[in-house]
Amino acid sequence: MLSERAHHRSLLTGREREIFQLLVRDYSTKDISIQLKISEKTVRNHISNTIQKLGVSGRSQAILELLRLGELSLD
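Here you go:
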């Protein structure tokens, strides 16, 4: 029998998760773009998409909601 966690489908794409993990480590949009080798616009688009998915009004609220939902950790 599969664990409950195995049945849980993540709200975030892999790239969104990478970006938010870097945001909680205090990386700037520019730092994230350099780290992931993508444009700053792409980073902002991923952040914006996540904010819309969560129905929150900004990055900070998105981070708090993702932590609450267990989608993000401070590890």
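Take the sequence shown: its letter number 75 is residue 259 in this note's numbering, and every next letter is one higher.
Even glycine gets a Cβ: it sits at the ideal position worked out from N, Cα and C.
All of these numbers come straight from a predicted model, not from anything done at the bench.
Check whether residue i and residue j have beta carbons under 8 Å apart
i    : j    : result
E202 : T234 : no
S241 : V227 : no
L253 : V208 : no
Proximity to residue i [Cα-Cα], best of the options
i    : options          : result
S194 : D215, L250, Q245 : L250
Heavy atom of the ligand ZN within 7 Å of residue i beta-carbon
i    : result
L195 : As far as ligands go, the structure on display features none, and thus does not contain the ligand ZN.
Collapsed DSSP secondary structure at residue i in the structure displayed
i    : result
V227 : helix
G242 : coil
E296 : Here the chain covers residues 185 to 259 and nothing more, so residue 296 does not appear.
R209 : coil
E202 : helix
First through last residue of the alpha helix (DSSP H) which encompasses residue i
i    : result
D215 : 213–220
The segment 240–248 / the segment 204–216 touching (three or more Cβ pairs under 8 Å): yes
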